[in-house]
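So the structure is just underneath, and the comments pick up after that.
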Amino acid sequence: MRSQIEGSQAVARAVALCRPEVVSAYPISPQTHIVEALSDLVRTGELSPCEYLMVESEFAALSAAIGASAAGARTYTATASQGLLYMAEALYNASGLGLPIVMTIANRAIGAPINIWNDHSDVMSQRDCGWIQLFAESNQEAVDLHVQAFALAEELSLPVTVNMDGFVLTHAVEPVDLPSQAQVDAFLPPFEPRQVLDPGEPVTIGAMVGPEAFTEVKVLMHAKQMQALDVVPRIASDFEDAFGRGSGGLLRTYPREGADTVVVALGSVLGTIDEVVDELRAENVDVAALGIRCFRPWPLEEIRQALQGARRVIVLEKAFAVGIGGIVGQNVRLALSGLPVPVFDVVAGLGGRPITKRSLHTLLADVLHERIEPNQLTFLDLDRELVQRELHRVSQSPRSGPHAENILRDVGTVAAGSH
Amino acid sequence: MFQVRIHGRGGQGVVTAAELLSVAAFLEGREAQAFPTFGSERTGAPVVAFCRIDDSVIRVREPITEPDALIVQDPTLLHQVDLFAGLSDDGYLLLNTGRSFDDLGLGAFVERFDVDRCVTVPATEIAREHLGRPLPNAALLGAFAALTGQVSVDSVAAAIRERFSGPTAEGNVTAAEHAHARVLQAGRASHA
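Line by line, the protein sequences are chains A and B. Residues in the first sequence are numbered from 1 upward in steps of one, following our numbering. Residues in the second sequence are numbered from 1001 upward in steps of one, following our numbering.
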């Protein structure tokens, strides 16, 4: 049924429709509303049978989820930002053990400096932890991806994260069509674990493996994740057949492939990019948007296919790797290797800075009029003067103090805010 | 697309107002998107929330910098926040105060707007009377319905009843209806 609902509430309801038997979570902004809503659904008995574990940390949240999943329970958790970092060791255990846990990441920046707002630094810091990583661009897609994530995780016996932009999606109230319980039950059969801790048939999960076989186990992990490149599109297609709307899959292009200029992005910013694409196309600028819905495994061939006819590619990403630059950009370059397609790396929306249509128009104009060089790291809406002032301070005094506090004084920020 | 920006302080129901407005529009079969800005949330700190209403799917997710309507839940923000940024001359302005624009020293400022689109409403007093608490958001939504015609006061009432129940719902509905009637009356008086 279609309703006007907060993204977090909608996702909690979608997760409940998937009948998780264990939810293990620790609250952190901007994920809190999701797990609060789920604990309410368990308390009222709407989600039953389900054990809700309010644990003492994110490390405990995922560790408990690992135990529950290994015991054969459909298991869910959610986190964000520093919470994901605190889970880091357990993330690798969940994927290494092949446990089909589903986790929402309400994407948020990573400190220091501490910042509660949206970007993709959290998931990008764990991009190679062996989990399948899906990205939602709207709350409808976040709902749909959670249903697909359980099917995907359990078919491959691998953990899956569904990424949704913190605040931008989690706290937005917009129309969402929530499926019925009967629809979800028909789509998602009960969990049949590939491996299970059963006192009746005792097995070990998590044996120590030495140099004689460690590589082989890791190769199997890689091979299994690469299988998702076939399974993700098939599940998306099954989902469309069952629910009557398209969502998920590896990629999506708007309005169609073959444009001269393609903007590549992940998550909720795609809506704003699509608007800009329409406005530019109305002025006869041949531009399109390529959304990456599955970031891990990396759909290399599909991306190469989608971008090979472009004259230029702009990768707009909400994170970057200090000391080298764009992260998604590097992955796109790998997909385009050997092809004469220049790639522009643009970092935008860090720590909740809004990505506006106006800024995107300026960026596109700068690229099209060759005011920006390819392979140069560009920061959208960067306040250069602020950076220069701090650099000057540093050059003038051996004890210039902390950057964050100095810059806040320059800005005159009394209370930090995202707008 | 019709874009609304709501300013107030933490604890005044600013975020709830944007959400209720989006529900009211949704109930009328329209597309709507409500979202807050989140800062260091605490009672009394300036808060902003946004609502977009349209007839087709809303894709854009940037904050609203050029609102068609501005709702100000707390007049003391006038000296603290750049409330009117981006509001065009034909925009709507709804200010919660028992005083007039002239009393607030805004008489000359509002001259650039259409006189029929600038309204003050004593929403806090209306809420005190009907709800028993100084929460002006529902009354302001009733006034907004009368001022802009973007949603009906019945849809505002339905959205309030969807979110709240019992005396809280009914008190807020009465406050909204009262403010709605008051703005309609003022509009008629100015044309009499």
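Quick reminder that beta carbons are idealized off the backbone N, C-alpha and C, glycines included.
Contacts around residue 168 of chain A, its chain only, beta-carbon distance under 7 Å, and the 5 residues preceding and following it disregarded: Locating residue 168 of chain A in the first sequence gives position 168, counting from the first residue. Cβ neighbours of residue 168 of chain A beyond the five flanking positions: 118, 268.
Less than 6 Å between C-beta atoms, sequence neighbours within five positions excluded: which residues of the same chain meet that for residue 360 of chain A? Working through the first sequence from its first residue, we reach residue 360 of chain A at position 360. Cβ within range, chain order: 276.
Alpha carbon to alpha carbon, what distance is there between residue 352 of chain A and residue 379 of chain A? Walking along the first sequence from the start, residue 379 of chain A turns up at place 379. Walking along the first sequence from the start, residue 352 of chain A turns up at place 352. Distance from the CA of residue 379 of chain A to the CA of residue 352 of chain A, rounded to the nearest whole angstrom, comes to 14 Å.
For residue 1025 of chain B and residue 1096 of chain B, the rounded distance between their alpha carbons: For this step, residue 1096 of chain B is matched to residue 96 along the second sequence. For this step, residue 1025 of chain B is matched to residue 25 along the second sequence. Answer to the nearest angstrom: the Cα atoms are 22 Å apart.
Any beta carbon of chain B sitting closer than 7 Å to that of residue 354 of chain A? On the first sequence, residue 354 of chain A is found 354 positions in, with the first residue counted as 1. Yes, contact with chain B.
Where the region 1022–1042 of chain B meets chain A: residues whose CB sits under 7 Å from a CB there: Under the 7 Å Cβ criterion, the region 1022–1042 of chain B contributes 1022, 1023, 1026, 1031, 1032, 1033, 1034, 1035, 1036, 1037, 1038, 1039, 1040.
With distances taken from CA atoms, which of A/5, A/18, A/116 is nearest residue 181 of chain A? For the purposes of this step, residue 181 of chain A is identified with residue 181 of the first sequence, where counting begins at 1. Relative to the Cα of residue 181 of chain A, the nearest Cα in the group A/5, A/18, A/116 belongs to A/18.
I'd like to confirm the pairing. Which residues does DSSP put opposite residue 1007 of chain B in its beta bridges? The count along the second sequence starts at 1 and reaches residue 1007 of chain B at position 7. In the DSSP assignment, residue 1007 of chain B forms a beta bridge with B/1048, B/1072.
Chain-order list of residues whose beta-carbon lies under 7 Å from that of residue 415 of chain A (same chain, five-residue window excluded): The count along the first sequence starts at 1 and reaches residue 415 of chain A at position 415. Bear in mind that the predicted position of residue 415 of chain A carries a pLDDT of just 47, short of 50, making it unreliable; the figure below should be weighed with that in mind. There are no such residues.
Would residue 1146 of chain B and residue 1175 of chain B be called neighbours here (beta carbons separated by less than 7 Å)? The count along the second sequence starts at 1 and reaches residue 1146 of chain B at position 146. The count along the second sequence starts at 1 and reaches residue 1175 of chain B at position 175. Contact check for residue 1146 of chain B against residue 1175 of chain B fails: the beta carbons are separated by 7 Å or more.
Mind listing the chain A neighbours of residue 1019 of chain B? Cutoff is C-beta to C-beta under 9 Å, in chain order. To locate residue 1019 of chain B, count along the second sequence from 1; it is residue 19. Those are 4, 6, 173, listed as they occur along chain A.
Within the 7 Å Cβ cut-off, does residue 1014 of chain B reach chain A? For the purposes of this step, residue 1014 of chain B is taken as residue 14 along the second sequence, with counting starting at 1. Chain A has no Cβ within less than 7 Å of the Cβ of residue 1014 of chain B.
What does the Cβ neighbour count give for residue 1103 of chain B, buried or exposed, with the cut at 16 atoms within 10 Å? The residue given as residue 1103 of chain B occupies position 103 in the second sequence. Exposed, by the Cβ-count rule.
Along the beta strand (DSSP E) that carries residue 54 of chain A, what are the first and last residues, could you check? As a first step, residue 54 of chain A must be located in the first sequence, where it is residue number 54. First-last of the beta strand (DSSP E) with residue 54 of chain A: 51–54.
With DSSP run on the structure shown, which of helix, strand or coil describes residue 164 of chain A? In the first sequence, residue 164 of chain A corresponds to position 164, counting from 1. DSSP places residue 164 of chain A in strand when its eight states are reduced to three.
Please tell me whether residue 343 of chain A and residue 367 of chain A are closer than 7 Å, where the distance is taken between their beta carbons. As a first step, residue 343 of chain A must be located in the first sequence, where it is residue number 343. As a first step, residue 367 of chain A must be located in the first sequence, where it is residue number 367. For the pair residue 343 of chain A and residue 367 of chain A, the CB atoms are not nearer than the 7 Å cut-off.
To the nearest angstrom, report how far apart residue 253 of chain A and residue 265 of chain A are at their CA atoms. For the purposes of this step, residue 253 of chain A is identified with residue 253 of the first sequence, where counting begins at 1. For the purposes of this step, residue 265 of chain A is identified with residue 265 of the first sequence, where counting begins at 1. C-alpha separation (whole angstroms): 11 Å.
Per-residue contacts from residue 1182 of chain B into chain A (C-beta, under 7 Å): Taking the first residue of the second sequence as position 1, residue 1182 of chain B is located at position 182. Within 7 Å Cβ-Cβ: nothing; residue 1182 of chain B doesn't reach chain A, min ~27 Å.
Which residues, in chain order, does the region 1157–1179 of chain B contribute to contact with chain A at a C-beta distance below 7 Å? Residues: none.
Which chain B residues sit within Cβ distance under 8 Å of residue 274 of chain A? For the purposes of this step, residue 274 of chain A is taken as residue 274 along the first sequence, with counting starting at 1. Those within 8 Å of residue 274 of chain A in chain B are 1059.
Per DSSP, cross-strand counterpart(s) of residue 79 of chain A: By one-based count along the first sequence, residue 79 of chain A stands at place 79. Answer by DSSP bridge pairing, in chain order: A/105.
With 7 Å set as the bound, which would you pick, yes or no: does the beta-carbon of residue 168 of chain A sit closer than that to a beta-carbon of chain B? The residue labelled residue 168 of chain A in the question sits at position 168 within the first sequence. True, the Cβ-Cβ gap to chain B drops below 7 Å.
With distance defined between alpha-carbon atoms, name the residue in A/301, A/310, A/349 nearest to residue 335 of chain A. Here residue 335 of chain A is taken as the residue at index 335 of the first sequence, counted from 1. Looking at the Cα atoms, A/301 is the closest of the given residues.
Compare the beta carbon distance of residue 65 of chain A and residue 31 of chain A with 7 Å and say whether it is the shorter of the two. Residue mapping note: residue 65 of chain A aligns to position 65 of the first sequence, counting from 1. Residue mapping note: residue 31 of chain A aligns to position 31 of the first sequence, counting from 1. No.
When you compare only the Cα positions, how much space is there between residue 2 of chain A and residue 1029 of chain B? In the first sequence, counting from the first residue as 1, residue 2 of chain A sits at position 2. In the second sequence, counting from the first residue as 1, residue 1029 of chain B sits at position 29. The alpha-carbon atoms of residue 2 of chain A and residue 1029 of chain B are separated by roughly 11 Å.
Return the CA-CA distance between residue 1128 of chain B and residue 1179 of chain B, expressed in angstroms with no decimal places. One-based indexing of the second sequence puts residue 1128 of chain B at position 128. One-based indexing of the second sequence puts residue 1179 of chain B at position 179. Taking the straight line joining both Cα atoms gives about 12 Å.
Given a threshold of 16 other Cβ atoms within 10 Å of its Cβ, counted over all protein chains shown, does residue 13 of chain A qualify as buried or as exposed? The sequence position of residue 13 of chain A within the first sequence is 13, counting from 1. With 16 or more other Cβ atoms within 10 Å, it is buried.
Determine the DSSP secondary structure at residue 149 of chain A, reduced to helix, strand or coil. For this step, residue 149 of chain A is matched to residue 149 along the first sequence. Here residue 149 of chain A sits in helix by DSSP.
Would you mind stating whether residue 102 of chain A and residue 76 of chain A have Cβ atoms separated by less than 7 Å? Numbered from 1 along the first sequence, position 102 holds the residue referred to as residue 102 of chain A. Numbered from 1 along the first sequence, position 76 holds the residue referred to as residue 76 of chain A. With respect to the 7 Å criterion, residue 102 of chain A and residue 76 of chain A are classified as neighbours on the basis of their beta carbons.
Every unbroken beta strand (DSSP E) within the region 1051–1123 of chain B, with a cutoff of 3 residues, ordered by chain: Counting whole runs of 3 or more residues, the region 1051–1123 of chain B contains the beta strand (DSSP E) stretches 1069–1072, 1092–1096, 1118–1121.
Taking C-beta to C-beta, are residue 7 of chain A and residue 172 of chain A nearer than 7 Å? Residue numbering aside, residue 7 of chain A sits at position 7 when the first sequence is read from its first letter. Residue numbering aside, residue 172 of chain A sits at position 172 when the first sequence is read from its first letter. Yes, these two residues count as a Cβ contact at 7 Å.
Leaving out five residues on either side along the sequence, give the residues of the same chain with a beta carbon under 6 Å from the beta carbon of residue 1035 of chain B. Residue 1035 of chain B sits at position 35 when you count from the first residue of the second sequence. 1050, listed in sequence order.
Classification of residue 1149 of chain B by the beta-carbon crowding that lies within 10 angstroms, buried from 16 upward: Taking the second sequence and counting its residues from 1, one reaches residue 1149 of chain B at position 149. Exposed, because fewer than 16 other Cβ atoms sit within 10 Å of the Cβ of residue 1149 of chain B.
Helix, strand or coil at residue 233 of chain A [DSSP, three-state]: Your numbering for residue 233 of chain A matches position 233 in the first sequence. In the structure shown, the three-state DSSP call for residue 233 of chain A is helix.
Please report the straight-line C-alpha distance between residue 115 of chain A and residue 1091 of chain B, rounded to a whole angstrom. Taking the first residue of the first sequence as position 1, residue 115 of chain A is located at position 115. Taking the first residue of the second sequence as position 1, residue 1091 of chain B is located at position 91. Their backbone Cα atoms lie some 34 Å apart in a straight line.
Please state whether DSSP places residue 1167 of chain B in a helix, a strand or coil. As a first step, residue 1167 of chain B is located in the second sequence; it is residue number 167 there, counting from the start. If DSSP states are grouped into helix, strand and coil, residue 1167 of chain B belongs with the helices.
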